[in-house]
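Remarks on the structure that follows.
In full-length UniProt numbering, the protein residues as written are 1 to 141.
What follows is the structure, given as structure tokens:
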């Protein structure tokens with residue numbers, strides 16, 4: 001699991017969510033209404049469900065394009081259960097929820113790193129992200 005959760009309110013615009021994803025270097029956020037997880041919003045959701053249809057992302061809420069009522073796991077659930085849920089529901093990420101509060105996220109990359117640390121997916125998941133466009137590559141050294 002990747003500890004910590006980045007969340008947005010259901011009424012947050014897709015622009016707000018995308019900027020948060022960029023600043024945190026992540027591809028998904030939990031959509032939470034108070035202490036309740038109501039959805040998961042991915043960069044792909046924003047692209048496919050809004051931008052590709054010509055919808056202005058500054059006028060669309062996270063709730064309207066997120067995957068609602070996501071399947072979740074608890075911190076103590078076995079890795080095999082997370083893998084089975086991902087397979088059964090065809091999802092790449094699962095929020096980790098404890099006492100109703102999101103505490104982390106499990107991704108396919110997390111599973112690969114745990115179950116097959118030498119796999120290409122595990123290597124990619126552990127890799128340092130690409131620099132921002134225009135960034136000086138020497139700053140990464």
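Here a beta-carbon is modelled for each residue, glycine too, at the ideal position from N, C-alpha and C.
Counting along the chain, residue 71 sits inside no alpha helix (DSSP H), nor does DSSP assign it H or E at all. The stretch 37-101 contains, as complete alpha helix (DSSP H) runs of 4+ residues, the segments 43-49, 62-65 and 79-89 (chain order).
With a beta-carbon spacing of about 4 Å, residue 63 and residue 10 fall inside the 8 Å limit used to define contacts. Straight across, the Cα-Cα distance linking residue 17 with residue 91 is about 20 Å. Secondary structure of residue 104 (DSSP, three-state): strand.
Beta-bridge partners assigned by DSSP to residue 33: 36. Nearest in C-alpha terms to residue 70, of all of 80, 42, 112 and 51, is 42.
Its chain contains 93 as the residues whose beta carbon lies nearer than 6 Å to that of residue 107, once the 5 sequence neighbours on both sides are disregarded; these appear in chain order. Taking the C-beta atoms as reference points, residue 96 is found nearer than 8 Å to residue 75.
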